[in-house]
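Novice: What follows is a single structure, and I will ask about it in a moment.
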Amino acid sequence: MSIYHERPWLKFYPSGVPAEVEVPIKSLPQAFDEAAAKWKKKTALVFYGRKISYTELKDHVDRLARALADLGIRKGDTVAILMLNSPQYFIAYYGALKAGARLTLVSPMYVSSEVRHQLEDSEARHIICQNILYDFVEKSGVPLKTVILTDIGEYLPRWKRFLGKSVLGAVYQKMALPSPRIFQQEGVYHLQDLIKKYPPDPPAIEWDPREDVATLQYTGGTTSLPKAAVLTHYNYIANEAQMFCFIRNRVTEGQEVMAAYMPFYHAAGQLNITQGIIRGFTMVISATTDLEDLLNDIEDFKVTMFVGAPTIFEFLKDYEKTYIVDWKRMKYVLAGADALLQDTAQGFERRTGIKICEGYGMSEAVAGTHSNPLDRIKPGSFGVPLPSTMAAILAPEKDEYLGIGEIGEIAVQGPSVMKGYWKADRANREKFCRIEDDVWMRTGDLGRMDEEGYFFFYDRLRDMIKYKGHAVFATEVEDVIKDHPGVKEVGVVGVRDPVAGELVKAVVVLEGDARGKISEEDIQAYCRDKLAAFKIPKIVAFRGEIPKTDVGKVSRRELREDF
27 MSIYHERPWL KFYPSGVPAE VEVPIKSLPQ AFDEAAAKWK KKTALVFYGR KISYTELKDH
87 VDRLARALAD LGIRKGDTVA ILMLNSPQYF IAYYGALKAG ARLTLVSPMY VSSEVRHQLE
147 DSEARHIICQ NILYDFVEKS GVPLKTVILT DIGEYLPRWK RFLGKSVLGA VYQKMALPSP
207 RIFQQEGVYH LQDLIKKYPP DPPAIEWDPR EDVATLQYTG GTTSLPKAAV LTHYNYIANE
267 AQMFCFIRNR VTEGQEVMAA YMPFYHAAGQ LNITQGIIRG FTMVISATTD LEDLLNDIED
327 FKVTMFVGAP TIFEFLKDYE KTYIVDWKRM KYVLAGADAL LQDTAQGFER RTGIKICEGY
387 GMSEAVAGTH SNPLDRIKPG SFGVPLPSTM AAILAPEKDE YLGIGEIGEI AVQGPSVMKG
447 YWKADRANRE KFCRIEDDVW MRTGDLGRMD EEGYFFFYDR LRDMIKYKGH AVFATEVEDV
507 IKDHPGVKEV GVVGVRDPVA GELVKAVVVL EGDARGKISE EDIQAYCRDK LAAFKIPKIV
567 AFRGEIPKTD VGKVSRRELR EDF
């Protein structure tokens, strides 16, 4: 037995939250049908003023499911979804699942080669795609049996449809629309034509939620080609139950309004599609990342829940129009997808009066494994394990536990943990380990646990830099350099060196008025009384921007490729 088996975090759980959560054995389509039957005429989705009830949403989902079945899609087939946030995403998501398919969700930020990798690797032969993104699919060269296209403006209010390109101007910018002749090709369909043609009569599917795959959820791929986490319906239902159980003292089924701002293909964004629907919430959908649109939506539709990446809160804390929102009605604000800087959290709280609840999770466990208790938020920590989740700190290169306060690799186990990576036996052998009777999934993240059972993030294990045998955490160096008044952004990586092993290299973006005035030596001097000598960057490069992933993380893979 280890200290982790004593679960010291349990005494900090919110009142009434159990150590273990009961997980219903059902599929996502079954959970969707239960929600639609319960909430019926309640508004499920809001899209630039257009309101869609649970009943209308179910009608469109069921019609698409019947269409897909009639087009030959069977249980276990892979259907890809390539869309920006929109009502069609919900329809495609549940429609394909109701047809028995498994999903693979493709990032709309991908270029054709990345689209090709995901479609080929997931064995997708069917895709539901917004027309403005189809060019990337066509250029990928992947042979597809079924292509279903939709225009993002189709679910705008009627009076806005003719203004669609101006309402969603940023979405259409630089996007190539396919020729209308494409619908003359075999296997190409228009979503609205299918919804009008087919009855709301989905096929009967026999579900085995513990075994049936819901999604092949691709990881971020910040250092290599993305791998797919194999996630079952049970994984999704379990994670939703865990996360809602932890916040049920603060939010109420059927009464909350969520700002659906995170991209839906991302694990955190899918909370809108899964938890939002299952709990009868109203989702206010943003197709763009425009901050003013987001703030207007939060105010106009009286949003009570908001999940965002730390970069969003970093922008909001300094944005001049953040004040237009009455933040007092906000019940739950969660930061995920990356580590939350304390400067960001404190600045956002000063501006809005709202404490950000930091959580932690990964695609390999659906979404969340940890969260701060809402009434016991600990600054700098991403919280404690959720009910039914176990977590531990392991030695990075040995299958053994580390003690309280020791930095090692975060590992988790629980009902939301994936079956494994898709077609990646070697990666699975490295990902999972056994210690006595426990099987753990290694996260690849370095962290520690304090005496109260709160966990803290340090860095990605693969981002730890080894300089002459010393361990240097890239995020620690970044946090110091970010505080320099002339620095706008920074990314830190290790670069190969025959003598030192790796050198610490910082890529810096300067504020406009500091450009040309700050040198490599200035940055190094700034670090000297804040970092040990071996952590100070040996190389400082100045750039116009830092490459980022879709959710605002520094793309260290691209930084390394530059070197």
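In terms of this note's numbering, the numbers along the sequence shown are unbroken and rise by one, the last being 589.
Built from N, CA and C at the ideal position, the CB exists for glycine as well.
1. Pop quiz: Pro183 and Gly75 are said to be a contact at Cβ under 8 Å. What is the actual Cβ separation, rounded to whole angstroms?
2. Are there any heavy atoms of the ligand ZN lying less than 6 Å away from the beta-carbon of Asp316, as far as the coordinates show?
3. Tell me, which residues are paired with Phe499 by DSSP?
4. Which residue wins for smallest C-alpha separation from Arg582, given the options Asp489, Glu502, Asp471, Glu537?
5. Decide if His590 is buried, meaning its Cβ has at least 16 other Cβ atoms within 10 Å, or exposed.
6. If you drop the 5 nearest sequence neighbours on each side, which residues of the same chain put their C-beta closer than 8 Å to that of Lys347?
7. With the cut-off set at 7 Å, would you say Pro279 and Thr300 are in Cβ contact?
8. DSSP state of Arg92, grouped into three classes?
9. Less than 7 Å separating the beta-carbons of Ile549 and Val566?
10. Mark Val47 as exposed unless 16 or more other C-beta atoms lie within 10 angstroms of its C-beta, in which case mark it buried.
11. Entirely within the region 449-485 and at least 3 residues each: give me those beta strand (DSSP E) ranges in chain order.
12. Under three-state DSSP, which class holds Lys77?
13. For Ala240 and Arg128, which I take to be in contact (beta-carbon distance under 8 Å), what is that distance rounded to the nearest angstrom?
14. Following the continuous beta strand (DSSP E) through Gly531, name the residue where it begins and the one where it ends.
15. Report all residues from its chain with a CB closer than 6 Å to the CB of Tyr80; omit the five preceding and five following residues, and keep chain order.
16. Is the CB-CB distance between Leu412 and Ala437 below 7 Å?
17. If you draw a straight line from the alpha carbon of Cys155 to that of Ala255, how long is it in whole angstroms?
18. Which first and last residues belong to the beta strand (DSSP E) in which Asp523 is found?
19. Alpha carbon to alpha carbon, what distance is there between Ile158 and Ser166?
20. Can you give the Cα-Cα distance for Ala150 and Gln144, rounded to whole angstroms?
21. Please work out which residues of its chain come closer than 6 Å, Cβ to Cβ, to His86, disregarding the five sequence neighbours upstream and downstream, and give them in chain order.
22. Return helix, strand or coil for Glu426, following the three-state DSSP convention.
23. Any idea if Asp147 is buried or exposed, counting beta-carbon neighbours within 10 angstroms, 16 or more meaning buried?
24. Phe307 to Phe290, Cα distance in whole Å?
25. On a Cα-Cα basis, can you pick out the residue from Ala532, Ser112, Arg92, Leu90 that is closest to Met309?
26. Quick check on this structure: which residue in Ser133, Asp103, Phe499, Met135 has the alpha carbon closest to the alpha carbon of Lys124?
27. Would DSSP call Glu48 helix, strand or coil?
28. Using only CA atoms, which one of Arg586, Leu585, Leu175 lies nearest to Pro204?
29. When the Cα atoms are used, what is the spatial distance from Val525 to Lys494?
30. Looking at C-alpha atoms only, which residue of Phe339, Asp88, Arg468, Glu164 is the closest neighbour of Ala418?
31. Buried or exposed for Val465, going by 16 or more other Cβ atoms inside 10 Å?
32. Please tell me whether Phe327 and Val283 are closer than 7 Å, where the distance is taken between their beta carbons.
33. For Ala45, is the classification buried or exposed, using 16 other Cβ atoms within 10 angstroms of its Cβ as the cut-off for buried?
34. Compare the C-alpha of Ala122 against each of Val49, Leu170, Val43, Pro229 and name the closest.
35. Taking the beta carbon of Val137 as the centre, do at least 16 other beta carbons fall within 10 Å, making it buried, or is it exposed?
36. For the alpha helix (DSSP H) holding Met7, just list the boundary residues, first then last.
Specialist: Straight from the coordinates:
1. In this structure Pro183 touches Gly75 by the C-beta definition: roughly 5 Å separates them, less than 8 Å.
2. As for the ligand ZN, it is missing from this structure, which has no ligand bound.
3. Met490, per the DSSP bridge assignment.
4. It is Asp489.
5. Summary: the structure shown does not reach residue 590, with the chain confined to residues 27 through 589, and so no result is reported for it.
6. Leu317, Glu318, Leu321, listed in sequence order.
7. Checking the displayed sequence, the identity of residue 279 turns out to be Glu instead of Pro. No.
8. Look at Arg92 here: in three-state DSSP terms it is helix.
9. The Cβ-Cβ distance between Ile549 and Val566 falls below 7 Å.
10. By the neighbour-count criterion, in which a residue is buried when 16 or more other Cβ atoms sit within 10 angstroms of its Cβ, Val47 is buried.
11. With a minimum length of 3 residues, the continuous beta strand (DSSP E) runs that stay inside the region 449-485 are 458-461, 464-475.
12. Taken through DSSP and simplified to helix, strand or coil, Lys77 comes out as strand.
13. Rounded to whole angstroms, the Cβ separation of Ala240 and Arg128 is 6 Å, and the two are in contact under 8 Å.
14. As written in the sequence, residue 531 is Lys, which differs from the Gly given in the question. 527-536 is the span of the beta strand (DSSP E), which, as asked, contains Lys531.
15. Within the same chain, Tyr80 has close Cβ partners Ala62, Trp65, Lys66, Lys68, Ala70.
16. No.
17. Going by C-alpha positions, Cys155 is about 22 Å away from Ala255.
18. Per DSSP, Asp523 belongs to the beta strand (DSSP E) from 513-523.
19. Taking the straight line from one Cα to the other gives about 15 Å.
20. Taking the straight line joining both Cα atoms gives about 8 Å.
21. Hits under 6 Å: Ile117, Ile221.
22. Assigned with DSSP and collapsed to three states, Glu426 falls in coil, not helix or strand.
23. Residue burial is scored here from C-beta neighbours: Asp147 has at least 16 other C-beta atoms within 10 angstroms and is therefore classed as buried.
24. Whole-angstrom Cα-Cα distance: 16 Å.
25. Looking from the CA of Met309, the closest CA among Ala532, Ser112, Arg92, Leu90 belongs to Ser112.
26. Among Ser133, Asp103, Phe499, Met135, the Cα nearest to that of Lys124 belongs to Asp103.
27. Correct three-state label for Glu48: coil.
28. Relative to the Cα of Pro204, the nearest Cα in the group Arg586, Leu585, Leu175 belongs to Leu175.
29. Each residue's CA atom was taken as its position, placing Val525 and Lys494 some 8 Å apart.
30. Nearest option by C-alpha distance: Arg468.
31. Exposed, by the Cβ-count rule.
32. Result yes, Cβ atoms of Phe327 and Val283 sit closer than 7 Å.
33. By the 16-neighbour rule on beta-carbons within 10 angstroms, Ala45 is exposed.
34. Relative to Ala122, the option among Val49, Leu170, Val43, Pro229 whose CA is nearest is Pro229.
35. Exposed: under 16 other Cβ atoms inside 10 Å.
36. Within the shown structure, residues of the chain are numbered from 27 to 589, placing residue 7 beyond reach of any answer.
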